[in-house]
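Report on the following structure.
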Amino acid sequence: MSKIAIIGSGSWGVALATHLAKLGNQIKIWSFDEEEKRLINEERKCKFLPGLIVDEKITCSNELGEVIQGTECILHVTPSKFTRETFKQYKQYVENRPVIICSKGFEKESLKTLDEVILDELPTAKVGVLSGPSHAEEVSVSLPTVLVVASQHDDVLKMIQDTFMCDEMRIYTSKDIKGVELGGALKNIIAFCAGVAAGIGLGDNSFAALITRGLSELARLGVELGGELETFYGLSGLGDLIVTCLSEHSRNRKAGKLIGQGKNLEEAKKEVGMVIESIDNIEVAYELCKIHHIDMPIVETVYQVIYENLKPEEAVKKLMTRGKKSE
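Going by this note's numbering, the first residue of the sequence shown is number 3, and it counts up by one from there.
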């Protein structure tokens, strides 16, 4: 049995807590919200996972020190844009505990990946990244799921495998932190595009092309930023790309679908009701492809749809009528 701190009480944080509690671990969740704490502790509910009965081995607190002290590992599961601010508040408690990043995204202002943000604030932190095709709705009810954990520290890789693995969850290991993290962040953009395609009524041929060419784009940028090419064809790249592009569980896909159906960005955000990582990720990827001179036509075109009022139907035409090239 392990004692584990989870920083973030959204659907993914609670799903991970549920999985780990079923394996006999004691879980402490941090939430910034008093009502979420009350809901978990008193009613044993999570507002993001209707129908879930929160395990008795899970407790929630609004105090970061109370959550972290006495635990062996920290899972960081806040939205990307709150990573630095939240980590600053608890880095004094980290000591030698591994910090496993379970969020997927960038810091928009600095264009940095989340491992870079953590190491900016605490260069001695033992950082890992957990990613792969994993909807919270399915993990919380123990449907088989396969993930990858990346770290430069062998003891961190072993700890996560030993702690998470069971009949319903398989964990692979990797030393390619950058590739695993970038795959998880960049695929949200293509998932948003898949939603737009669904919203304007495109078919299976279009989805297959989008996933294939989208993977090429995210791999090109990912390798430029330090990831290994094969990582993008694994669980955190292709695997996560497939599940996020094709599933109705995906909030990124849902947001794109609403845009395709004619909603504006604020209306889409309001209807989804949770953080949509792809919105910020599109801006970051657009800036990065310009800085590094990487050809990313899908990213550039979806950026124009969101921020330059390009109509989705015109975006499709623009992509389909690009100059002739070899694959």
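Glycine is no exception: its CB is placed at the ideal position from the N, C-alpha and C atoms.
Asked: Under 7 Å between C-beta atoms of T175 and V151; Found: yes
Asked: Rounded separation between G330 and T20 - CA only; Found: Lying outside 3 to 329, the shown extent of the chain, residue 330 is not represented and no answer is given.
Asked: G26 - containing beta strand (DSSP E), residue span; Found: Unbroken run through G26: none, as it is neither H nor E.
Asked: Within 7 Å, strictly: CB atoms of E123 and K93; Found: yes
Asked: Residue environment, L231, which counts as buried when at least 16 other CB atoms sit within 10 Å; Found: exposed
Asked: Length-filtered (4 minimum) alpha helix (DSSP H) runs lying within the segment 284-315; Found: 299-309
Asked: Exposure label - A210; buried when at least 16 CB within 10 Å; Found: exposed
Asked: Opening and closing residue of the beta strand (DSSP E) in which M171 lies; Found: 171-176
Asked: A152, DSSP secondary structure in three states; Found: strand
Asked: First through last residue of the alpha helix (DSSP H) which encompasses V245; Found: 242-248
Asked: 8 Å CB neighbourhood of N27 in its chain, flanking five on each side removed; Found: M3, S4, K5, I6, K59, T165
Asked: DSSP bridge partner residues for C195 (one or two, in chain order); Found: Paired residues: none, contrary to the question.
Asked: Neighbourhood of K271 by C-beta distance below 8 Å, restricted to the same chain and skipping five residues each side; Found: A257, I278, I281
Asked: Residue-chain proximity (A211, chain D), Cβ-Cβ < 7 Å; Found: The structure shown has no chain D; it contains just one protein chain.
Asked: Exposure of H78, with buried meaning 16 or more beta-carbon neighbours within 10 Å; Found: buried
Asked: Per-residue burial, P52 [other beta carbons within 10 Å of its own, 16 or more giving buried]; Found: exposed
Asked: Between the CA atoms of A287 and T80 - distance to the nearest angstrom; Found: 20 Å
Asked: N- and C-terminal bounds of the alpha helix (DSSP H) containing V101; Found: Counting along the chain, V101 falls outside any alpha helix (DSSP H), though it belongs to the beta strand (DSSP E) covering 101-103.
Asked: Segment limits, alpha helix (DSSP H) that includes S328; Found: From DSSP, S328 is part of no alpha helix (DSSP H); its letter is neither H nor E.
Asked: Inter-residue Cα distance where the pair is E219 and E226; Found: 11 Å
Asked: Touch test, the segment 198-216 against the segment 170-184, Cβ-Cβ under 8 Å, three pairs minimum; Found: no
Asked: Cβ-Cβ distance between G197 and R253 below 7 Å; Found: no
Asked: Opposing strand residues paired with K114 [DSSP bridges]; Found: E109
Asked: DSSP state of G130 mapped onto helix, strand, coil; Found: strand
Asked: Buried versus exposed call for I275 [16 or more other C-beta atoms within 10 Å across all chains shown]; Found: Note that residue 275 corresponds to Gly in the displayed sequence, not to Ile. It counts as exposed.
Asked: First through last residue of the beta strand (DSSP E) which encompasses T61; Found: 60-63
Asked: As assigned by DSSP and simplified to three states, the class of I55; Found: coil
Asked: Nearest-angstrom Cα separation, counted from P146 out to D169; Found: 8 Å
Asked: Neighbour-count burial assignment, V148, 16 or more Cβ in a 10 Å radius; Found: exposed
Asked: Cβ-Cβ distance between T88 and L116 below 7 Å; Found: no
Asked: H78 - partner residues in DSSP beta bridges; Found: I9, I103
Asked: Bounding residues of the alpha helix (DSSP H) (the contiguous stretch that carries Q91); Found: 85-92
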